[in-house]
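**Q** Numbering (our numbering), first residue to last: 57 to 528. For glycine and all other residues, C-beta sits at the position ideal for the given N, C-alpha and C. Below is a structure I'd like to ask you about.
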Amino acid sequence: MSEADTLGHECGVFGIIGDPDAARLSYLGLHALQHRGQDGAGIVARNAGNLAEHRGVGLVHEVFDEGALRSLPGDAAIGHVRYGTAGGDGLTNVQPFLARWKQGQVALCHNGTLTNAPPIREELEERGAIFTRTSDTEVLLHLLAASDQKTLINRLVDALSRVEGAWCVLVISGDKLVAARDPWGFRPLVLGRKGEAWIVASETTAIDFVQGTFVREIEPGEMVILDEDGIQSIRPFARKPRRACIFEAIYFARPDSNLFGRDVYPTRVRLGELLATRFPCKADVVVPVPDSGTPAALGFAQASGIPFAMGLLRSHYIGRTFIEPTQRIRDFGVRLKLQPNRSVVAGKRVVVVDDSIVRGTTSQKLVRMLRAAGAAEVHLRITSPPMTGPCFYGIDTPEREELLAHRMDLPRIRQFLDVESVAFLSMDEVREAVGGDGGRFCDACFTGNYPVDPVARRADAQLALFRGRPEE
Ligand code: SF4
């Protein structure tokens, strides 16, 4: 999937306690989670009982330099990479949020979407609360401060019991670092060790990157409390059926992560193999839409015997301020990221393997570029089912009416994309490759089976509410 028509994540989190280089390791961990959010990054570190922060707009390496990391000494830290959707992209909404309350300082960061944040916010505002940010995460800070419970843990349990939807939350305050995951388990959250230190992160790849050891997944509905006495695990929330996001396995998570107990890379290869056996076609070359479509294209090539080649090249060097030319260069937005490789595709029947189609505009432009580069035929193979609904649990998707598969059936999609053939895996085939039993995953954007109901109305209200607020 190319970024012009992509699905955006709402963030990745990393925390560590018990290492004197906590902020520096968090910086590395966030770098490994950069794919989960590129709009902003921040770290709050604890030193001798005090919390200090550094946050900024941009990529992790743009936000932090040596001076910034030196200003964050201490043995514990939490960090966040942000994808700016509900709440806008300004610095105000870059997490972690650091606040002072009657018990001292507290910092909090969050991956997911709180589907009932708008009514809670309205209720708090009616009682006099003043919000300074537009992110739904600020609601959690207010609930924490307003709780009548005495201890940090009880206050946090109280606050999190009131919110619905998807949340992986890290909190640092006093001598504790706390990690909690919503009872549905929409977004991943894992636990690791590095020597004596404990690590929590959105994905295992971040633990690997700092040379730590993956211990286990933090279970849905679990709260893990880390301090100098070690680890304590509690399950204070009402149990729900597990509903891990199946799209994490298809697209979002990094291929070198272990997700929900399975390695992502072989899962994606398997998705490609399934496509090749279910929807074969006569072709000369298998081309991935890099980077996310690459493992599946390898699987397709292995299963079909058709050679794999890089017929689309991805540029990794586009900064945030690249100046686009005027309309004279057609499809330039897509070209910024992906460029057809004429030597691979000219005169060939090309099978293009991608992970999903959202609005279809990027796929349409890619096909046009491949044909302009001389491709004789273009066959599109997609490793997910047609996406027919939006996500309300932490992924930024267009409105339902904008989704290609909502607007058109398969023959019209083929016509719209101008390809010789197009095929999608079915939900059952995806479940087979991902290894779930069919009941453990959220697949709502493909099937319409939304586990948190009536989330749609709430989330629509949330976006309207938060988008309508002024940015700094
Ligand atoms: S709706 Fe789709 S993207 Fe959102 S959590 Fe469910 S499967 Fe994942």
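1. Just mark P152 as buried or exposed, buried being the case when its beta carbon has 16 or more other beta carbons within 10 Å.
2. Does DSSP put T350 in a helix, in a strand, or in coil?
3. Give me the DSSP bridge partner(s) of P344.
4. For the ligand SF4, which residues have a Cβ under 6 Å from at least one heavy atom, in chain order?
5. Whole angstroms are fine: how far does the CA of T171 sit from the CA of L226?
6. Taking the C-alpha atoms as reference points, what is the distance between R298 and W240?
7. Use the C-beta contact count for A142: other C-beta atoms within 10 angstroms, 16 or more gives buried, fewer gives exposed.
8. Going by DSSP, name the residue or residues bridged to P396.
9. Can you tell me the Cβ-Cβ gap for L327 and T503, rounded? I've got them flagged as a contact below 8 Å.
10. On the three-pair Cβ rule with 8 Å, is the segment 243-256 touching the segment 174-188?
11. Grab the span of the beta strand (DSSP E) containing S477 for me, first residue to last.
12. Quick check on the burial criterion: 16 or more other C-beta atoms within 10 angstroms. Buried or exposed for I263?
13. The beta strand (DSSP E) spanning K206 covers which residue range?
14. Decide if P344 is buried, meaning its Cβ has at least 16 other Cβ atoms within 10 Å, or exposed.
15. Roughly how many angstroms separate the alpha carbons of I72 and G248, rounded to a whole number?
16. Check whether the segment 82-100 touches the segment 123-140, taking contact to mean three or more Cβ pairs, one atom from each stretch, closer than 8 Å.
17. Entirely within the segment 110-185 and at least 4 residues each: give me those alpha helix (DSSP H) ranges in chain order.
18. With DSSP as the reference, label G71 as helix, strand or coil.
19. Can you give me the start and stop residues for the beta strand (DSSP E) that S289 sits inside?
20. Pick out whichever of I281, S82, Y139 has its Cα sitting closest to the Cα of K232.
21. Mind checking whether G168 and Y373 have CB atoms under 9 Å apart?
22. Can you tell me whether DSSP reads A432 as helix, strand or coil?
23. Decide if the segment 343-362 is in contact with the segment 405-418; the criterion is three or more beta carbon pairs, one per stretch, under 8 Å apart.
24. May I have the straight-line CA-CA distance separating Y139 from Y307, to the nearest angstrom?
25. I'd like the list of long-range same chain contacts for K404, defined as Cβ closer than 7 Å, with 5 residues on each side in sequence excluded.
26. Give every residue of the same chain whose Cβ lies closer than 7 Å to the Cβ of R335, excluding the five residues on either side of it in the sequence, and list them in chain order.
27. Can you name the residues that DSSP bridges to M279?
28. Tell me whether the segment 410-428 and the segment 458-476 touch, counting them as touching only if at least three CB pairs, one residue from each stretch, are closer than 8 Å.
29. Report the rounded CA-to-CA distance for A359 versus V400, giving the unit in angstroms.
30. In three-state terms, what does DSSP make of D214?
31. Just the Cα atoms here: how many angstroms apart are L199 and E273?
32. May I have the straight-line CA-CA distance separating R295 from R463, to the nearest angstrom?
33. Classify R156: buried if its beta carbon has 16 or more other beta carbons within 10 angstroms, exposed otherwise.
34. Counting along the chain, where does the alpha helix (DSSP H) carrying I263 start and finish?
**A** Answer, in terms of the structure:
1. Counting from 1 along the sequence shown, the entry for residue 152 is found at position 96. With 16 or more Cβ atoms within 10 Å of its Cβ, P152 is classed as buried.
2. Taking the first residue of the sequence shown as position 1, residue 350 is located at position 294. DSSP places T350 in the helix class (H, G or I) of the three-state scheme.
3. For the purposes of this step, residue 344 is identified with residue 288 of the sequence shown, where counting begins at 1. Paired residue(s): V409.
4. With 6 Å as the limit between CB and the heavy atoms of the ligand SF4, the residues that fall short of it are F242, C301, I302, F303, C447, Y449, I451, C498, D499, A500, C501.
5. Position 170 of the sequence shown, counting from 1, holds the residue named residue 226. Position 115 of the sequence shown, counting from 1, holds the residue named residue 171. Straight-line Cα distance between these residues: approximately 18 Å.
6. As a position in the sequence shown, residue 298 is number 242, starting the count at 1. As a position in the sequence shown, residue 240 is number 184, starting the count at 1. Roughly 5 Å separates the two Cα atoms.
7. Translated into positions along the sequence shown, residue 142 becomes position 86. For A142, the predicted structure reports a pLDDT of 48, less than 50, and the residue's modelled location is therefore unreliable. A value from the coordinates is still provided. Buried, because 16 or more other Cβ atoms sit within 10 Å of the Cβ of A142.
8. The residue you call residue 396 lines up with position 340 of the sequence shown. BP columns for P396 point to L368.
9. Residue numbering aside, residue 327 sits at position 271 when the sequence shown is read from its first letter. Residue numbering aside, residue 503 sits at position 447 when the sequence shown is read from its first letter. Actually they do not touch by this definition, with Cβ atoms about 17 Å apart.
10. No: the two stretches stay apart, fewer than three of their Cβ pairs being nearer than 8 Å.
11. In the sequence shown, residue 477 corresponds to position 421, counting from 1. That run of the beta strand (DSSP E) goes 477-480.
12. Taking the first residue of the sequence shown as 1, we reach residue 263 at position 207. Counting of Cβ neighbours within 10 angstroms places I263 among the buried residues, the total reaching 16 or more.
13. Locating residue 206 in the sequence shown gives position 150, counting from the first residue. Element bounds for K206: n/a, residue is neither H nor E.
14. As a first step, residue 344 must be located in the sequence shown, where it is residue number 288. P344 comes out buried.
15. Translated into the one-based positions of the sequence shown, residue 72 becomes position 16. Translated into the one-based positions of the sequence shown, residue 248 becomes position 192. C-alpha separation (whole angstroms): 9 Å.
16. Contact holds: three or more Cβ-Cβ distances are below 8 Å.
17. Positions of the alpha helix (DSSP H) runs, each at least 4 residues long and wholly inside the segment 110-185, are given as 116-119, 122-126, 173-182 in order along the chain.
18. By 1-based counting over the sequence shown, the position of residue 71 is 15. In the structure shown, G71 sits in a strand (DSSP, three-state: E or B).
19. For the purposes of this step, residue 289 is taken as residue 233 along the sequence shown, with counting starting at 1. Segment 286-290, the beta strand (DSSP E) holding S289.
20. Looking up residue 232 in the sequence shown gives position 176. Residue nearest to K232 within the set I281, S82, Y139 is I281 (criterion: CA-CA distance).
21. Against the sequence shown, residue 168 aligns to sequence position 112. Against the sequence shown, residue 373 aligns to sequence position 317. Between G168 and Y373, the gap from beta carbon to beta carbon reaches 9 Å or more.
22. Residue numbering aside, residue 432 sits at position 376 when the sequence shown is read from its first letter. In the three-state scheme derived from DSSP, where H, G and I count as helix and E and B as strand, A432 is classed as coil.
23. In short, these stretches touch, since the Cβ pair count reaches three.
24. Numbered from 1 along the sequence shown, position 83 holds the residue referred to as residue 139. Numbered from 1 along the sequence shown, position 251 holds the residue referred to as residue 307. A straight line joining the alpha-carbon of Y139 with that of Y307 spans about 16 Å.
25. Within the sequence shown, numbered from 1, the residue matching residue 404 stands at position 348. Once the five neighbours on either side are set aside, the close Cβ partners of K404 are D340, V341, A431, A432.
26. In the sequence shown, the residue the question calls residue 335 occupies position 279. It should be noted that the sequence gives Phe, not Arg, for residue 335. Result list for F335: R437, A479, in chain order.
27. Position 223 of the sequence shown, counted from the start, is the residue given in the question as residue 279. For M279, DSSP records a beta bridge to A236, I290.
28. Look at the beta carbons and you see the segment 410-428 touching the segment 458-476: at least three pairs across the two are nearer than 8 Å.
29. If you number the sequence shown from 1, residue 359 lands on position 303. If you number the sequence shown from 1, residue 400 lands on position 344. When rounded, the distance between both Cα atoms is 20 Å.
30. By one-based count along the sequence shown, residue 214 stands at place 158. Correct three-state label for D214: helix.
31. By one-based count along the sequence shown, residue 199 stands at place 143. By one-based count along the sequence shown, residue 273 stands at place 217. Spanning the two alpha carbons is a distance of roughly 27 Å.
32. Along the sequence shown, read from residue 1 onward, the residue named residue 295 stands at position 239. Along the sequence shown, read from residue 1 onward, the residue named residue 463 stands at position 407. If you draw a straight line from the Cα of R295 to the Cα of R463, it comes to about 37 Å.
33. Sequence index remark: in the sequence shown, residue 156 carries index 100 (1-based). Counting of Cβ neighbours within 10 angstroms places R156 among the exposed residues, the total staying below 16.
34. The residue labelled residue 263 in the question sits at position 207 within the sequence shown. In the DSSP assignment, I263 falls within the alpha helix (DSSP H) that extends over 260-265.
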